[in-house]
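Trainee: For reference, the structure I am asking about is given below.
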Amino acid sequence: MMDSRSKLLAVVGTGVVVATLAGCTTTDHVYSQGRCLTCINNPITGEPVNYNPDEIPIFDEQDITVGEAQQVTTSVTGDGRGSFRIASGVDIDTAYARLRSGFRFRAPVDFSDSMSDGFQQRDGAYHHEANPGSFYRLSDYERQVINGVEHSIVLRAQIERDGSGSRINVEFSPSGTLTYNADEMQDALEQRFDAVLR
0 MMDSRSKLLA VVGTGVVVAT LAGCTTTDHV YSQGRCLTCI NNPITGEPVN YNPDEIPIFD
60 EQDITVGEAQ QVTTSVTGDG RGSFRIASGV DIDTAYARLR SGFRFRAPVD FSDSMSDGFQ
120 QRDGAYHHEA NPGSFYRLSD YERQVINGVE HSIVLRAQIE RDGSGSRINV EFSPSGTLTY
180 NADEMQDALE QRFDAVLR
């Protein structure tokens, strides 16, 4: 004899099978931007189960307007982390000064002796290590605009001497909820670093 839990599982299982079969028999499908959202393929063979792949979907006239600008939705990619390297002809100490003024990298002199500033300096996003003429390691919160939307990130830069110039290794990661496309973030930051180091 089946207990109440087994009966519940049997009822739920039957409902799933019925819903699946009903979905497989439909000929009306929902399309969005040319993709079928309700079409089902056999997971083993990859063959269509409930649609004819040769059938061209029919869209309502209101779905497509000739000459209307389409808004491109950017997707969130990966974990939002990225890194890149920049070689600059600017000497290391000048590169440090330009990055400090062009980004939100704070130095110890930017903090007071207050308790709140003390907490900010102990934040995991903040780091400032300086060995003038040799290397700088910086990390802090930063904001970057992509497609008109401002995003908050943690930005890290390691500046090393490279002959008479400098080499900058840059890393970024989301600060809080990931809301951006990592490739677009990297492109935007690379352009910004290039501009600051000119």
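Numbering (numbering that gives the first Met the number 0), first residue to last: 0 to 197.
Backbone N, C-alpha and C define an ideal beta-carbon position, used for all residues, glycine too.
#1: Just verifying my parser: in three-state terms, what is the DSSP assignment at Arg-99?
#2: Would you report the Cα separation of Val-169 and Phe-83, rounded to the nearest angstrom?
#3: Between Arg-136 and the rest of its own chain, which residues show a CB-CB distance below 7 Å, the 5 nearest in sequence each way excluded?
#4: When you compare only the Cα positions, how much space is there between Ser-111 and Gly-117?
#5: Spatial neighbours of Asp-92 within its chain, please: C-beta separation below 7 Å, excluding the five flanking residues on both sides.
#6: Is it true that the region 136-153 meets the region 172-184, where meeting means three or more beta-carbon pairs spaced less than 8 Å apart?
#7: Return the CA-CA distance between Leu-154 and Met-114, expressed in angstroms with no decimal places.
#8: Please look up how many angstroms separate the CB atoms of Ile-167 and Ser-87, rounded, as I've assumed it's under 8 Å.
#9: Look up Gln-120 in the DSSP assignment and give the residues it is bridged to.
#10: Give me the Cα-Cα distance between Phe-134 and Thr-176, rounded to the nearest whole angstrom.
#11: Compare the beta carbon distance of Arg-97 and Asp-139 with 7 Å and say whether it is the shorter of the two.
#12: Compute the Euclidean distance between the alpha carbons of Ala-106 and Ile-39, then round it to the nearest angstrom.
#13: Rank Val-89, Glu-149 and Glu-189 by C-alpha distance to the C-alpha of Thr-178 and give the top, closest one.
#14: Just list the residues that DSSP pairs Asn-168 with in beta bridges.
#15: Is Pro-173 closer than 7 Å to Gly-79 when the C-beta atoms are compared?
#16: What three-state label does DSSP hand Arg-142 in the structure shown?
#17: Measuring straight from C-alpha to C-alpha, what distance separates Leu-196 and Leu-188?
#18: Output the distance between the C-alpha atoms of Ala-194 and Arg-121, rounded to the nearest integer angstrom.
#19: Measure the alpha-carbon distance for Tyr-95 versus Ser-165 and round it to whole angstroms.
#20: Do you know how far the Cα of Ser-163 is from the Cα of Phe-192?
Mentor: By the coordinates alone:
#1: Translated into positions along the sequence shown, residue 99 becomes position 100. Of the three classes helix, strand and coil, the one that applies to Arg-99 here is helix, per DSSP.
#2: Here residue 169 is taken as the residue at index 170 of the sequence shown, counted from 1. Here residue 83 is taken as the residue at index 84 of the sequence shown, counted from 1. Using only the alpha carbons, I get a separation of about 5 Å.
#3: As a working mapping, residue 136 is identified with position 137 in the sequence shown. Result list for Arg-136: His-126, Glu-128 and Gln-157, in chain order.
#4: Counting from 1 along the sequence shown, the entry for residue 111 is found at position 112. Counting from 1 along the sequence shown, the entry for residue 117 is found at position 118. Those two C-alpha atoms are separated by around 8 Å.
#5: Start at 1 with the first residue of the sequence shown, and residue 92 comes out as number 93. Hits under 7 Å: Pro-131 and Gly-132.
#6: yes
#7: Here residue 154 corresponds to residue number 155 of the sequence shown, with the count starting at 1. Here residue 114 corresponds to residue number 115 of the sequence shown, with the count starting at 1. Going from the Cα of Leu-154 to the Cα of Met-114 covers about 24 Å.
#8: Taking the first residue of the sequence shown as position 1, residue 167 is located at position 168. Taking the first residue of the sequence shown as position 1, residue 87 is located at position 88. Yes, Ile-167 and Ser-87 are in contact; Cβ-Cβ is about 7 Å, under 8 Å.
#9: Mapped onto the sequence shown, residue 120 falls at position 121. In the DSSP output, where bridge partners are listed per residue, Gln-120 has none listed.
#10: On the sequence shown, position 135 is the one that residue 134 refers to. On the sequence shown, position 177 is the one that residue 176 refers to. Rounded to the nearest angstrom, the two C-alpha atoms are 32 Å apart.
#11: Translated into positions along the sequence shown, residue 97 becomes position 98. Translated into positions along the sequence shown, residue 139 becomes position 140. Not closer than 7 Å, so no.
#12: Position 107 of the sequence shown, counted from the start, is the residue given in the question as residue 106. Position 40 of the sequence shown, counted from the start, is the residue given in the question as residue 39. Each residue's Cα considered, the two are about 57 Å apart.
#13: Working through the sequence shown from its first residue, we reach residue 178 at position 179. When only C-alpha atoms are compared, the closest one is Glu-149.
#14: Locating residue 168 in the sequence shown gives position 169, counting from the first residue. DSSP output for Asn-168 lists Arg-84 and Gln-157 as bridge partner(s).
#15: Against the sequence shown, residue 79 aligns to sequence position 80. Against the sequence shown, residue 173 aligns to sequence position 174. Yes. Within cutoff.
#16: Taking the first residue of the sequence shown as position 1, residue 142 is located at position 143. Note: Arg-142 maps to strand in three-state DSSP.
#17: Here residue 196 is taken as the residue at index 197 of the sequence shown, counted from 1. Here residue 188 is taken as the residue at index 189 of the sequence shown, counted from 1. Distance between the alpha carbons of Leu-196 and Leu-188 is about 12 Å.
#18: The residue given as residue 194 occupies position 195 in the sequence shown. The residue given as residue 121 occupies position 122 in the sequence shown. The alpha-carbon atoms of Ala-194 and Arg-121 are separated by roughly 30 Å.
#19: Walking along the sequence shown from the start, residue 95 turns up at place 96. Walking along the sequence shown from the start, residue 165 turns up at place 166. Rounded to the nearest angstrom, the two C-alpha atoms are 10 Å apart.
#20: For the purposes of this step, residue 192 is taken as residue 193 along the sequence shown, with counting starting at 1. For the purposes of this step, residue 163 is taken as residue 164 along the sequence shown, with counting starting at 1. The alpha-carbon atoms of Phe-192 and Ser-163 are separated by roughly 19 Å.
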